[in-house]
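In terms of this note's numbering, the sequence shown opens at residue 15 and continues consecutively.
Glycine is no exception: its CB is placed at the ideal position from the N, C-alpha and C atoms.
Have a look at the structure below before the remarks.
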Amino acid sequence: MNGRNEAIEQQICAEVEALHAELLDEITELVKIDSTERAAQPEAPFGAGVRQALDHTLALARRLGFETTDVDHYMGYASYRTADCKESGYVGAIGHLDVVPAGTGWKEPPFSGFREDGVLYGRGVLDNKGPILSCLYAAYALKRLGVPISREIRILFGCDEETGFEDLKYFLQKEEPPVMGFTPDCKYPVVYAERGRALVQVIAPDMDALFRLMNDYILNAKNNGERLGIAFEDAEFGMLEVRGYTMVKAGDKPAVQFAISYPAGCTCAQLTEQLAQTLPDYEVKCVSNFDPVRFPKDCRLVDTLRYTYEQVTGQDGTPVTTTGGTYAKLMPNIVPFGPSFPGQKGIGHQPNEWMRADDLLTNAKIYALSLYYLAQ
């Protein structure tokens with residue numbers, strides 16, 4: 015990466031450290047809000063809890079001195095610009111405030127903001143309240159220092175990432191996407207490419223046919239789609255994965271629905287066509303699809319995030335791919351970036367969801383340097 019400023023990097027990281035305790039307290043308060051999506055209400059398209067989390071976060075941003083915008087309660091954002099911001103557009107970090115249902119198996123109540131031995135617990139602390147507040151405080155560190163930036167910075171707070179991206183669809187009807195940015199809702203190092211994700215229904219003519227489908231093609235099958243005839247692998251993304259089988263009704267007919275996480279070397283149309291050939295007695299329907307996302311590994315966005323990750327952690331930042339799906343599927347010009355470090359898997363959506371206080375600090379440093387350099 016060109017244009018490194020070591021002195022400013024040190025100032026930014028020191029400022030983030032000074033804000034660490036405050037950041038942890040604010041994450042704890044936000045995690046106490048049960049922002050599981052529920053039935054829409056007036057002025058609360060994703061339910062009262064999600065609206066409360068959005069109001070709370072925007073109020074926090076205003077207390078920190080940011081300008082805020084509430085996009086009809088579908089999303090909101092905090093913005094920071096200086097007199098030096100002469101470039102058009104903005105750089106952004108986009109996370110979400112909604113959470114999956116808490117479920118059972120917690121050692122402490124899931125919305126209690128429990129802390130123990132330097133670890134924060136609670137539904138949403140990793141996915142995604144802790145990381146997006148780390149981004150907000152990263153921008154706050156830049157604001158407090160008054161470092162020069164050439165382009166506006168926005169921290170965007172989504173409200174429907176877990177159940178359909180309706181928040182982002184609405185946002186993009188009202189607002190422009192960022193020029194560059196990231197979503198702190200995946201893993202490190204920087205993810206330069208995401209697999210495609212298709213939701214498919216296989217509709218059976220009757221229950222006997224559905225049972226044959228389950229017995230012959232799904233039960234005890236590998237998750238690579240081999241029995242369904244759609245096994246595909248490439249060197250960049252690895253093996254296709256089939257997951258999340260669910261029994262559903264398609265009109266008056268029984269059906270099974272499942273997700274296909276597929277490499278960029280094939281398409282949703284090719285997969286559904288092959289399924290139809292494998293299962294000629296069944297109707298195959300693509301319910302929804304997000305195409306793969308891929309950025310050049312050496313583009314400015316990916317290269318900058320690789321640099322900031324390596325600079326803060328001292329670890330190898332070679333860009334990677336992911337089987338997951340994030341806002342990058344729909345929001346142009348962003349890539350997944352953090353918050354989980356190598357070896358940290360199976361935390362989000364699980365009982366006792368957690369993040370280490372030290373990891374939140376490291377994330378905030380990485381995000382602060384990233385926003386600074388992207389805004390140049």
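query = Going by the beta-carbon positions, is the gap between Pro277 and Gly252 smaller than 8 Å?
reply = Yes, these two residues count as a Cβ contact at 8 Å.
query = Cα separation between Gln215 and Cys300?
reply = 6 Å
task = Return the Cβ separation of Ile108 and Ile348 in integer angstroms, given the expectation that the two are a contact with Cβ distance under 8 Å.
result = 6 Å
task = For Val262, collect the residues of the same chain with a Cβ closer than 6 Å to its Cβ; drop the 5 residues on either side in sequence, then sort them by chain order.
result = Ala269 and Gln271
task = Can you give me the Cβ contacts of Ser49 inside the same chain, cut-off strictly under 6 Å, excluding the 5 residues immediately before and after it?
result = Gly63, Val64, Ala67, Leu111, Asp112 and Val113
query = According to the neighbour-count rule (16 or more other Cβ atoms, all chains shown, within 10 Å of its Cβ), is Gln187 buried or exposed?
reply = exposed
key: Span of the alpha helix (DSSP H) around Glu287   = Cys282 to Thr292 is the span of the alpha helix (DSSP H), which, as asked, contains Glu287.
The stretch 353-364 contacting the stretch 160-174, beta-carbon criterion three pairs below 8 Å = no
request  = Report the residue from Lys157, Phe246 and Asp84 whose alpha carbon sits nearest the alpha carbon of Phe185.
outcome  = Asp84
query = Apart from the five residues just before and just after Asp248, which ones in its own chain have a Cβ nearer than 6 Å to its Cβ?
reply = Pro277 and Gly279
ask   = What are the boundary residues of the beta strand (DSSP E) that Cys300 is part of?
value = Cys300 -> beta strand (DSSP E) spans Glu297 to Phe304.
key: DSSP state of Asp131 mapped onto helix, strand, coil   = coil
task = Please say whether Thr336 and Val205 have beta carbons closer to each other than 8 Å?
result = yes
ask   = Among the residues of its own chain, which have a CB less than 7 Å from the CB of Leu33, if the five just before and after it don't count?
value = Tyr151, Tyr154 and Ala155
ask   = Going by alpha carbons, who is nearest to Ile146 out of Tyr135, Gly160, Glu130 and Ile169?
value = Ile169
request  = Determine, using beta carbons only, whether Ile217 and Gln288 come nearer to each other than 8 Å.
outcome  = Taking 8 Å as the cut-off, the Cβ atoms of Ile217 and Gln288 do not count as close.
query = Going by other Cβ atoms of all chains shown within 10 Å of its Cβ, with 16 needed for buried, is Gly352 buried or exposed?
reply = buried
query = Measuring CB to CB, does Lys379 end up less than 8 Å from Val326?
reply = Their beta carbons are under 8 Å apart, which means Lys379 touches Val326 by this criterion.
inquiry  = So, does the stretch 94-108 touch the stretch 187-196, judging by three or more C-beta pairs under 8 Å?
reply    = yes
message = Residues in the same chain with beta-carbon distance under 6 Å from Met228, minus the five sequence neighbours each way, listed in chain order, please.
response = Same-chain partners within the cutoff: there are none.
inquiry  = According to DSSP, is Met89 part of a helix, a strand, or is it coil?
reply    = Looking at Met89 - three-state DSSP - the assignment turns out to be strand.
ask   = In the DSSP assignment, what are the bridge partners of Pro353?
value = Cys200
ask   = How about Asp141: is its C-beta nearer than 8 Å to some C-beta of chain C?
value = Absent here is chain C; the protein component of the structure consists of one chain.
request  = Check whether the Cβ atoms of Lys143 and Val30 lie closer than 8 Å to each other.
outcome  = no
query = Quick one: what's got a C-beta closer than 8 Å to Phe309's C-beta in the same chain, skipping five residues either side?
reply = Tyr206, Ala207, Leu315, Val316 and Val349
request  = Might you give, ordered along the chain, the residues of its own chain that have their beta carbon closer than 6 Å to the beta carbon of Lys201, omitting 5 neighbours on each side?
outcome  = Same-chain partners within the cutoff: Ser354.
query = Between the beta-carbon of Tyr91 and the beta-carbon of Pro59, is there less than 8 Å?
reply = no
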